[in-house]
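Take a look at the structure set out below.
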Amino acid sequence: MIVTDKPSRRGALKCLAYGGAGTLFTLSGGVLVASDLAQAATKKMMGADTGTPLFVQISDSHIGFNKEANPDVAGTLKQSIALVNAMPQQPSLILHTGDITQLSRPDQFDLAEQLLKGLKVSEIHYTPGEHDTSDAGGGKEFFDRFGKPSKNLGYYSFDSHGVHFIALINVLDFKAGGLGILGPAQLAWLKKDLEGRSASQPLVVFAHMPMWTIYEPWGWGTGDADQAFALMRRFGSVTVLNGHIHQIVSKVEGNITFHTARATCYPQPAAGVGPGPGPLTVPKDQLPHMLGIRSVTYAPHPVTMTIKDTALA
Amino acid sequence: MKAKTIVAALCMSTLAFACAKATPQKGDVTIKNFSFGPSTLTVSPGSTVTWHNSDGEPHTVVSADGLFRSAAIDTGESFSFKFTKAGTFKYVCTIHPRMVATVTVK
Chain A
2 MIVTDKPSRR GALKCLAYGG AGTLFTLSGG VLVASDLAQA ATKKMMGADT GTPLFVQISD
62 SHIGFNKEAN PDVAGTLKQS IALVNAMPQQ PSLILHTGDI TQLSRPDQFD LAEQLLKGLK
122 VSEIHYTPGE HDTSDAGGGK EFFDRFGKPS KNLGYYSFDS HGVHFIALIN VLDFKAGGLG
182 ILGPAQLAWL KKDLEGRSAS QPLVVFAHMP MWTIYEPWGW GTGDADQAFA LMRRFGSVTV
242 LNGHIHQIVS KVEGNITFHT ARATCYPQPA AGVGPGPGPL TVPKDQLPHM LGIRSVTYAP
302 HPVTMTIKDT ALA
Chain B
30 MKAKTIVAAL CMSTLAFACA KATPQKGDVT IKNFSFGPST LTVSPGSTVT WHNSDGEPHT
90 VVSADGLFRS AAIDTGESFS FKFTKAGTFK YVCTIHPRMV ATVTVK
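Dropping the structure here:
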């Protein structure tokens, strides 16, 4: 992005074009501050240090879906990838928070992988959605492709730029009628992973289903997530990123902030509106406003995670 | 003679398949509006139950005890399982786990 003392009209328009319609959340010391994106873009142009883009979250691409709500999900994923590639500073890595495919079929995984290879960024971390584990093998297709970092368990952690990333899986072993679940083995692993870790290290936790209960009748929550957060409360900055509900919902609880993301495929209704959490068909010109990606910028002093959601239009 | 029997058997199996793919029959389960109907089904041992997805969304049919597990059943597709032993089998759609139902075999 261009840095000038006095932003030109063209420069400002450029920033606005990149920012798109959205709200910028800045987290500092656990307090979430929402500001207008245009204002934030100007601030950045004035030279204020807002850190470097650490990662981008892509969610719910549902490759293979072809119904009325979006007959071209490959096309909207490509547009999402183009948005990432157009970022003036490329992020270090990408998180895909699940529902890569619609039906867990090999050709759908293959096409998704092929499209995601179009990203300039080569480091991509995946956590599956329930659509990715709906093959007869209960996730075999997903794990055959993306199971290596987690040794086919679905949960693993890694560090980047001083931030500790934790991939969790909450779409296996559903209790009938219940919410998403992490399970005792994963919780025990998490405890071990966090033990002895400095509370000043920022955590980024990502999983497919929301890790707080947004709407229980539709299963929008994770039944045993509280046990995970009990282990994280001592940390100064915890950013929890989920997909699944195809819309942005955020919540702050102490130093833990929760954000669900837009999908790249189709929107879903708000909690409890209509018969169930299925695809929401909107007028064609509205669709790109309801799909998009999220970039997260990290500044270490003080720890600031700046979350920016950008729609396709 | 032997060849004839095989041809006849093939025809019958094709016929049975065609029937199973047609409109849901009594004893079958229809998936619609994020629910299994009927939610409780009783069949005799040896019966084959077929689940038909008439919903706009894909669903799965996965038994709690691991006896049967479908792949994702898309709109207009179906899944069948033959029940040989008696018992009550609870199952769930793993894509929408609030969808639960049972098959009782007796």
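Respectively, the protein sequence lines represent chains A and B.
Here the first sequence is numbered in our numbering, starting from 2 and rising by one per residue.
Here the second sequence is numbered in our numbering, starting from 30 and rising by one per residue.
Backbone N, C-alpha and C define an ideal beta-carbon position, used for all residues, glycine too.
### Task
Compare the C-alpha of F65(B) against each of G75(B), D94(B), I102(B), L96(B) and name the closest.
Proximity to F65(B) across G75(B), D94(B), I102(B), L96(B) peaks at I102(B), based on C-alpha coordinates.
### Query
Per DSSP, what kind of secondary structure is K45(A) in: helix, strand or coil?
Any reading at K45(A) is ruled out, since the residue's pLDDT is 43, under 50, leaving its predicted position unreliable.
### Query
Are the beta-carbon atoms belonging to V122(A) and S296(A) less than 9 angstroms from one another?
The answer is no: Cβ separation not under 9 angstroms.
### Query
Which residues in the same chain as L281(A) place their Cβ atom closer than 7 angstroms to its Cβ, once the five residues preceding and following it in sequence are excluded?
Correct list, in chain order: A70, Y267, P268, Q269, P270.
### Query
Can you tell me the Cα-Cα spacing of F110(B) and W80(B), whole angstroms?
Near 9 angstroms, if we compare the C-alpha coordinates of W80(B) and F110(B).
### Message
For a quick check, are the C-beta atoms of F230(A) and M212(A) less than 9 angstroms apart?
### Response
It is a contact, given that the beta carbons lie within the stated cut-off.
### Below-9 angstroms beta-carbon distance, H81(B) vs any chain A residue
Under the 9 angstroms criterion on CB atoms, H81(B) is classed as non-interfacial with respect to chain A.
### Message
Let's see if you can read the secondary structure: which residues bound the beta strand (DSSP E) around F236(A)?
### Response
From DSSP, F236(A) is part of no beta strand (DSSP E); its letter is neither H nor E.
#### Entry: Whether L183(A) touches L169(A) by CB criterion (9 angstroms)
Taking 9 angstroms as the Cβ cut-off, L183(A) and L169(A) qualify as a contacting pair.
### Query
Can you check whether the CB of P278(A) is closer than 9 angstroms to the CB of W219(A)?
It is a contact, given that the beta carbons lie within the stated cut-off.
### Query
Based on Cα-Cα distance, which residue from V85(A), G139(A), E196(A), H126(A) lies nearest to T89(B)?
Ranking V85(A), G139(A), E196(A), H126(A) by Cα distance to T89(B) puts G139(A) first.
### Query
For the segment 102 to 119 of chain A against the segment 75 to 93 of chain A, are there 3 or more C-beta pairs whose distance is under 8 angstroms?
Contact between the segment 102 to 119 of chain A and the segment 75 to 93 of chain A is present: three or more C-beta pairs spanning the two stretches fall below 8 angstroms.
#### Entry: Buried/exposed call for G244(A), threshold 16 Cβ in 10 Å
Looking at its Cβ environment, which holds 16 or more other Cβ atoms inside 10 Å, G244(A) is buried.
#### Entry: contact_flag[the segment 151 to 161 of chain A, the segment 121 to 128 of chain B] where n(CB pairs < 8 angstroms) is 3 or more
No, they do not touch.
### E86(B): first and last residue of the uninterrupted beta strand (DSSP E) it sits in
Neither: E86(B) is in no beta strand (DSSP E) and is coded neither H nor E.
### Message
Pull the bridge partners of I60(B) from the DSSP assignment, please.
### Response
BP columns for I60(B) point to F65(B), N82(B).
### Query
Comparing alpha-carbon positions, which option in A226(A), I215(A), N256(A) lies nearest Q248(A)?
Taking only the C-alpha atoms, the option nearest Q248(A) is I215(A).
### Task
Determine the extent of the beta strand (DSSP E) in which G293(A) is found, giving its start and end residues.
Where G293(A) is concerned, the enclosing beta strand (DSSP E) stretches over 293 to 300.
#### Entry: Near-chain A residues of the segment 81 to 96 of chain B (beta-carbon distance less than 9 angstroms), N- to C-terminal order
So the list reads D84, G85, E86, P87, H88, T89, V91, A93, given in the order they occur along the chain.
### Message
Helix, strand or coil, according to DSSP, for N86(A) in the structure here?
### Response
Note: N86(A) maps to helix in three-state DSSP.
### Task
Spell out whether any CB of chain B is found under 9 angstroms from the CB atom of V274(A).
No, its Cβ sits nowhere closer than 9 angstroms to a Cβ of chain B.
### Message
For T77(A), count the other beta carbons within 10 Å of its own beta carbon; 16 or more makes it buried, fewer makes it exposed. Which is it?
### Response
Buried.
### Query
Can the beta-carbon of L55(A) be found less than 9 angstroms from the beta-carbon of S93(A)?
Cβ distance < 9 angstroms, so L55(A) and S93(A) count as in contact.
### Query
Mind checking K309(A): buried by the 16 CB within 10 Å criterion, or exposed?
Classification of K309(A): buried, given that the 10 Å Cβ count is 16 or more.
### Message
Just to confirm the assignment, what range does the alpha helix (DSSP H) spanning A207(A) have?
### Response
Residue 207(A) is actually Phe in this sequence, not Ala. Boundaries for F207(A): no alpha helix (DSSP H) harbours it, while the beta strand (DSSP E) harbouring it runs 204 to 207, taken from the DSSP string.
### Message
Taking its Cβ as the centre, do 16 or more other Cβ atoms sit within 10 Å of E142(A), making it buried, or is it exposed?
### Response
Using a 10 angstroms sphere on the CB of E142(A), the tally of other CB atoms reaches 16 or more, which defines it as buried.
### Query
At a Cβ threshold of 9 angstroms, is D136(A) touching chain B?
The C-beta of D136(A) comes closer than 9 angstroms to at least one C-beta of chain B.
### Task
Starting from L120(A), follow the beta strand (DSSP E) in both directions and report where the run begins and ends.
Counting along the chain, L120(A) falls outside any beta strand (DSSP E), and DSSP gives it neither H nor E.
### Task
State yes or no: is the C-beta of T261(A) within less than 9 angstroms of the C-beta of L242(A)?
Between T261(A) and L242(A), the C-beta gap is smaller than 9 angstroms, which places the two residues in contact.
#### Entry: Exposure of A226(A), with buried meaning 16 or more beta-carbon neighbours within 10 Å
A226(A) is buried by the Cβ-count criterion.
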